[in-house]
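Quick notes on the structure that follows.
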Amino acid sequence: MFSFAFLCTSPDNNKLLTDDIRYLGVGGHLFAIAAQKSVDYGYDGYMYGFAANKELLDHYVETFNGEVIGVLHPYQFAIDEVNAKKIMEVYDYDWTDEEI
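Just so we're on the same page, the numbering used here is the position in the sequence shown counted from 1, plus 1045.
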């Protein structure tokens, strides 16, 4: 079983579209949620993904200690369980399945 999620920047948080960033740390929180879901599904926090570009890939490597895999795509990366745990410790959140 695989779980897929897409992390995208909203126009309000895209530094290429606006000088007035509305929210900081959104990406980290999304990775924390993905890491927790990975744990919930028995994958120990391991996460695999594809960055949109080289700049974003470098950001994931530097900020979240991601490892470049580059097998299926040049911007493919992985985050192991140790670094997933660190992400969950830094970016805490209250998860709810409640619909707004």
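Glycine residues also receive a C-beta, built at the ideal position from the N, C-alpha and C atoms.
Asked, Found
"Mind checking residue 1066: buried by the 16 CB within 10 Å criterion, or exposed?", "exposed"
"Could you tell me if residue 1117 is buried or exposed, where buried requires 16 or more neighbouring beta carbons within 10 angstroms of its beta carbon?", "exposed"
"Helix, strand or coil, according to DSSP, for residue 1113 in the structure here?", "strand"
"Rounded to whole angstroms, what's the CA-CA distance from residue 1131 to residue 1105? Just pull it up for me.", "14 Å"
"Using three-state DSSP, classify residue 1080 as helix, strand or coil.", "helix"
"For chain D, check one thing: does any of its Cβ atoms lie closer than 8 Å to the Cβ of residue 1074?", "Among the protein chains of the structure shown there is no chain D, as only one such chain exists."
"Count the other CB atoms within 10 Å of the CB of residue 1061; is the residue buried (16 or more) or exposed (fewer)?", "exposed"
"Quick check on residue 1086: buried or exposed, where buried means 16 or more other Cβ atoms within 10 Å of its Cβ?", "exposed"
"From 1076, 1070, 1059, 1126, pick the residue whose C-alpha is nearest to that of residue 1088; which is it?", "1126"
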